[in-house]
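Asks: Numbering (UniProt numbering), first residue to last: 1 to 196.
We put the beta carbon where it would ideally sit given N, CA and C, even for glycine.
Since this is a predicted model, take the numbers as computed values, not measurements.
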């Protein structure tokens with residue numbers, strides 16, 4: 001019970017931080033100036049959002065390396081872009097706000113993490129170009145756990161947006177890793193060119 005309350009409190013805090021104000025269970029949108037104010041932050045081309053237990057050492061790390069080394073882009077991946085002493089939420093929020101393309105890697109346990117859902121919602125709230133990757137799952141499987149849905153309205157909204165965004169599908173057991181990395185890199189590059 002205490003653990004569940006702690007998760008709920010953290011989720012409310014993350015949702016409130018994302019939306020500006022949390023008032024009696026309702027979500028209030030940020031005004032545009034609150035979303036865009038990021039000073040002295042290094043710009044990133046792409047923000048990779050992923051569930052660490054599912055994809056940290058596979059698809060997320062490979063995407064980062066491919067985008068950085070082959071694509072000559074500036075990707076953000078938390079465990080490669082954060083330094084000791086950094087405030088995780090502040091750095092992640094700043095990276096999402098300064099990036100130009102969001103690359104959420106949806107995996108079977110993605111929706112269990114309020115950090116992942118926070119990142120996704122922030123990407124959509126700040127009107128980023130999004131290239132979703134559905135790894136070992138279908139878009140229809142994206143949902144906020146029902147026991148938290150009333151508290152996490154903004155997260156459910158972001159998942160609905162992701163379901164309606166054309167993305168890349170990948171089967172990690174039988175899929176062609178090289179093809180996925182190339183297709184993801186090409187999609188990100190096209191989005192970056194279109195946003196210039």
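Quick one: residues in its chain with C-beta nearer than 7 angstroms to the C-beta of residue 185, no 5 flanking neighbours on either side, listed in chain order?
Replies: These residues qualify, in order along the chain: 66, 67, 70, 71.
Asks: Using DSSP bridges, identify the partner residues of residue 47.
Replies: In the DSSP secondary-structure assignment, residue 47 is bridged to 76, 102.
Asks: Measuring CA to CA, which of 119, 183, 187, 174 is closest to residue 47?
Replies: 119
Asks: Report yes if the C-beta distance between residue 98 and residue 44 is below 7 angstroms; otherwise report no.
Replies: yes
Asks: Compare the beta carbon distance of residue 154 and residue 51 with 7 angstroms and say whether it is the shorter of the two.
Replies: no
Asks: Smallest Cα separation from residue 101: which of 82, 76, 107?
Replies: 76
Asks: Where does residue 169 fall in DSSP's three states?
Replies: Residue 169 sits in a strand when the DSSP states are folded into three classes.
Asks: At what residues does the beta strand (DSSP E) containing residue 135 begin and finish?
Replies: 133-135
Asks: Near residue 135, what residues of its chain come up, given a Cβ to Cβ distance below 7 angstroms and the 5 sequence neighbours on each side ignored?
Replies: 55, 59, 105, 106, 107, 170, 172
Asks: Less than 8 angstroms between the CB atoms is what I'm expecting for residue 187 and residue 168, so what's the real figure, rounded?
Replies: Contact flag correct, Cβ pair sits at about 7 angstroms.
Asks: Could you tell me the alpha carbon to alpha carbon distance between residue 114 and residue 124, rounded to whole angstroms?
Replies: Straight-line spacing of the CA atoms in residue 114 and residue 124 works out to 15 angstroms.
Asks: Please check the pair residue 63 and residue 181, which I expect to be a contact at CB under 8 angstroms, by giving their CB distance rounded to whole angstroms.
Replies: 7 angstroms
Asks: Counting only the same chain and skipping the five closest in sequence on each side, list residues whose C-beta sits under 8 angstroms from that of residue 53.
Replies: Excluding its 5 nearest sequence neighbours in each direction, residue 53 has C-beta neighbours in its own chain below 8 angstroms: 109, listed in chain order.
Asks: Do you know offhand how far residue 121's Cα is from residue 174's?
Replies: 30 angstroms
Asks: Comparing C-alpha positions only, which one of 159, 145, 152, 128 sits nearest to residue 138?
Replies: 159
Asks: Look at the alpha carbon of residue 33 and the alpha carbon of residue 144, and state the distance between them as a whole number of angstroms.
Replies: Unreliable positioning characterises residue 33 in this predicted model, as indicated by a pLDDT of 38, which lies under 50. A coordinate reading is not provided.
Asks: Can you say whether residue 196 is buried or exposed, counting buried as having 16 or more other CB atoms within 10 angstroms of its CB?
Replies: exposed
Asks: By a C-beta neighbour count over all protein chains shown, 10 Å radius and 16 as the cutoff for buried, is residue 83 buried or exposed?
Replies: exposed
Asks: Within this structure, are the beta carbons of residue 152 and residue 131 separated by less than 7 angstroms?
Replies: no
Asks: If contacts are defined as beta-carbon pairs under 8 angstroms, then residue 191 and residue 129 qualify, I think. What distance do you get, rounded to the angstrom?
Replies: Cβ atoms of residue 191 and residue 129 come within 8 angstroms of each other, at about 4 angstroms.
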